[in-house]
Amino acid sequence: MLFYVTKGGLILSCLKATKELVELCRIDQQKYVLVVRCGNGISTCKIAKMYGCRIMGIDLSRAMVEVSSNRAKKEGLTEVGLDCDREDFMGCVS
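In the working numbering, the protein residues as written are 15 to 108.
What follows is the structure in structure tokens.
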């Protein structure tokens, strides 16, 4: 089961679900991971640190990309930028 409803709260449940999903996908240092809707970057940074994979988070919200990017810098992760705008993805969003 990937998703949990617990008294511990949504964040802990999401992190636990993310960990199980990453393990099911056999993520390791040889893998490249794309996180769509990276939001604040908590899961993206955790995956990068725990599994040593190359990872990129994208989000339609420029503010969330900035928050995620700042989190990665604070956690000592290397940042690779991707220059694009929300309009570049509008044909892909339903």
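We treat Cβ as the ideally placed atom computed from N, Cα and C, and that holds for glycine. The structure presented is a predicted model; accordingly, all values stated were derived computationally and were not measured.
Simplified DSSP assignment, three categories, for residue i
i: L48; result: strand
i: R68; result: strand
i: C39; result: coil
i: E34; result: helix
Close-in-space but distant-in-sequence residues of the same chain around residue i (CB under 6 Å, 5 per side omitted)
i: A62; result: I69, L91
i: S108; result: Note that S108 scores 48 on pLDDT, short of 50, meaning its location in the model is unreliable; the coordinates nonetheless yield the value given after this. Closer than 6 Å at Cβ, skipping near neighbours: no residue.
Sequence-distant residues of the same chain with beta carbon closer than 8 Å to residue i, five excluded per side
i: N54; result: M78, V81, S82, R85
i: D42; result: Y65, G66, C67
Residues of its chain near residue i, where Cβ-Cβ distance is below 7 Å and the 5 sequence neighbours each way are ignored
i: K45; result: C67
i: V50; result: I72
Range of the contiguous alpha helix (DSSP H) that encloses residue i
i: N112; result: Residue 112 is absent from the model: the chain starts at 15 and stops at 108.
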